[in-house]
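Student: Okay, so the sequence shown: first residue is 812 according to the numbering used here, each after it adds one. There's a structure below that I have some questions on.
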Amino acid sequence: MKYIPVIKLQEKVDERVQVRGWLHHVRRQGRLIFLVIRDPTGYVQAVVKPKSVGDTAFKVAEKLTRETAITAEGTVKEDDRAPYIGIELQITAINPVINYASPELEYEIRPDSGPQVLLDKRHLVLRGEQASDIMRFRDHLTRSFRDFFYSRDFVEVTPSTIVQTQVEGGSTLFAFKYFDHDAYLTQSSQLYLETVLASLGNVFCVLPSFRAEKSRTRRHLTEYTHIEAEMPWYEFEDLLEFMEDMIISVYTKAKENPILKKFNPTMEVPSKPFEQVTYEQSIRHLREYGIKGESGKYLEYGDDITEGPERALVDKIGSPTFLTHFPTGMKPFYMKLNTENPEVMNAADLLIPNVGEIIGGSQREDDLETLLQRMREEGLDTKPYYWYIDQRKYGTVPHSGFGLGLERLVQGLLNLDHIRDACLYPRLINRATP
Ligand code: ATP
Ligand code: MG
């Protein structure tokens, strides 16, 4: 390899090497030019001195701007004062590649730029340290989930995201014309995952889900990455234990990640069993803790626990917490009614500090008659769901599953204020660009 990746420079001290990358920073200091060169593996400081490169090359270097792509040759020197990796590359030759980056960039993105400017310039913001750290960490998390699923012999599938059924209620559906028919962008792939339990066993998917969210909150996107899993023979308790094991596995790996250490140095890996609060208890707790709903009043049994109070509750508890046994009717038709008390459902959301809900899970209704009854109660036309209903006619078994919003977990683990920073190109109520 002719070009040495930045991350390998520490192994090349006092050697002459060639590197290539982009100029992350450019700074003049008297007769010296300090550069920070970025490649996909890291950042390294470089210095250009007139006497090491000669007058012509120094003139070239004087015109360098931030984000210009370059190839350079230099000697690797150990230097404790150098930021990033304690290395300074003493440049002996330098070539801007193809073009100089426009100097306007300096004025376009500044530390005090507002969120709308930063979102308009997202394609350039993504070159920054913080945004690229977040994207790398997100990749790390996705891998950890896949590793965990594979360690439990799950099969990954990719159901279509173009559907003709709703999963989470009509108010957040994105509808469009599919040739001569009406169709929607999927809100969840759960129903399709359930259809392969009888052949593939435990299954998962990592796919976008779409929600036409009309309220602006710091944790709602209109398109997000949904990690969903369904497991045959799992009853409610099995589901809770599975989610605990998965979260512990993912958090344990995350804690080793240097990016997490940078963003959230005090993060703790939770231990089993997680805190559990039933919906009914949570309504009481909210009152005890003085946490009111958005209307300024205390929530009553039967009220939806919205983002604000939900987050305040879990912040107060201070560790991942299952919120369980919601009143029947508060959650969708496919969640199983509790056999001892059919007034509540075998459902559990996992809440984490700083975000609130990151997982919605439940045992699924496996009884044909109850399922049809629940669909009627919700005013759903059962016809488009014939394939889902068929699962209850041909060898129905107890089963459970869940959906986790990847961006919400990134937001929670990295202590981000807003979920928009957890995705490459966020889709929000007022934004689908770039
Ligand atoms: P919320 O009450 O916050 O709107 P939800 O109950 O609608 O969440 P579910 O339908 O249970 O959420 O979806 C499963 C998971 O998908 C959630 O726990 C969350 O992590 C994620 N999720 C849901 N809606 C969004 C969204 N609009 N943006 C980002 N993630 C979402
Ligand atoms: Mg919602």
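Idealized CB from N, CA, C, for every residue including glycine.
#1: Indicate whether the contact test is met: 3 or more Cβ pairs, each with one atom in the stretch 1130 to 1139 and one in the stretch 1080 to 1095, closer than 8 Å.
#2: At which residue ranges does the stretch 1087 to 1157 contain complete beta strand (DSSP E) runs of 3 or more residues, listed in the order of the chain?
#3: Give a single yes or no on whether Leu1110 has its beta carbon closer than 7 Å to a heavy atom of the ligand ATP.
#4: May I have the straight-line CA-CA distance separating Ser1010 from Leu1004, to the nearest angstrom?
#5: Using 8 Å as the threshold, is the C-beta distance between Glu826 and Val864 below it?
#6: Do His1037 and the ligand ATP come close, with the Cβ less than 7 Å from some heavy atom?
#7: How many angstroms separate the CA atom of Asn1075 from the CA atom of Gln977?
#8: Find out if the Cβ-Cβ distance for the pair Arg1030, Val1166 is shorter than 8 Å.
#9: Below 8 Å on the Cβ atoms is my guess for Thr1207 versus Asp1177; work out the distance and round it to an integer in Å.
#10: Say yes only if the C-beta of Ile945 is nearer than 7 Å to one or more non-hydrogen atoms of the ligand ATP, and no if none qualify.
#11: So, under 8 Å CB-CB, Met1054 and His1210 are touching, yes? Tell me the CB distance rounded to an integer number of Å.
#12: Pick out whichever of His951, Gly1190, Tyr1112 has its Cα sitting closest to the Cα of Gly981.
#13: Only counting the same chain, and skipping five residues up and downstream in sequence, which positions put a Cβ closer than 6 Å to that of Tyr1199?
#14: Beta carbon of Leu1224, beta carbon of Met1078: below 8 Å?
#15: What residue range does the alpha helix (DSSP H) around Phe960 cover?
#16: Can at least three beta-carbon pairs, one atom from the stretch 874 to 881 and one from the stretch 830 to 848, be found at a separation below 8 Å?
#17: Relative to the C-alpha of Gly939, which residue among Tyr911, Arg949, Arg921, Thr953 is closest?
#18: Could you have a look at Thr1077 and say whether DSSP puts it in helix, strand or coil?
#19: Taking 7 Å as the cut-off, does the CB of Arg1022 come closer than this to any heavy atom belonging to the ligand MG?
#20: So for Arg827, helix, strand or coil by DSSP?
#21: My assumption, with CB atoms under 8 Å, is that Gly1216 sits in contact with Ala1040. Please give the rounded CB distance.
#22: When the distance is taken between beta carbons, is Ile848 closer than 8 Å to Val855?
#23: Who are the Cβ neighbours of Gly897 in its own chain at under 7 Å, not counting the five residues just before and after it?
Tutor: Taking the definition as stated:
#1: With a cut-off of 8 Å, the stretch 1080 to 1095 and the stretch 1130 to 1139 count as touching, because enough Cβ pairs lie within range.
#2: Assignment of beta strand (DSSP E) within the stretch 1087 to 1157, counting only whole runs of 3 or more residues, yields 1132 to 1135 in chain order.
#3: Within 7 Å of the C-beta of Leu1110 there is not a single heavy atom belonging to the ligand ATP.
#4: Approximately 11 Å between the Cα atoms of the pair.
#5: No. Outside cutoff.
#6: His1037 has its Cβ nearer than 7 Å to a heavy atom of the ligand ATP.
#7: Computed Cα separation, rounded: 37 Å.
#8: Yes, Cβ-Cβ distance for Arg1030 and Val1166 is below 8 Å.
#9: The C-beta distance from Thr1207 to Asp1177 rounds to 5 Å, short enough to meet the 8 Å contact threshold.
#10: Not one heavy atom of the ligand ATP falls within 7 Å of the beta-carbon of Ile945.
#11: Actually they do not touch by this definition, with Cβ atoms about 15 Å apart.
#12: If we check each option's Cα against that of Gly981, Gly1190 comes out closest.
#13: Residues of the same chain with a CB within less than 6 Å of the CB of Tyr1199, apart from the 5 flanking positions on each side, are Leu1002 in chain order.
#14: Yes, these two residues count as a Cβ contact at 8 Å.
#15: Bounds of the alpha helix (DSSP H) holding Phe960 are 940 to 962.
#16: Of all C-beta pairs linking the stretch 874 to 881 to the stretch 830 to 848, three or more are shorter than 8 Å, placing the two stretches in contact.
#17: Gly939 has its Cα closest to that of Arg921, out of Tyr911, Arg949, Arg921, Thr953.
#18: Note: Thr1077 maps to coil in three-state DSSP.
#19: Answer for Arg1022: yes, Cβ within range of the ligand MG.
#20: Annotated three-state conformation of Arg827 is strand, per DSSP.
#21: 13 Å between Cβ atoms; not a contact.
#22: Cβ distance < 8 Å, so Val855 and Ile848 count as in contact.
#23: Scanning its chain for C-beta atoms nearer than 7 Å, with the 5 sequence neighbours on each side dropped, one finds around Gly897 the residues Glu889, Asp890, Asp891, in chain order.
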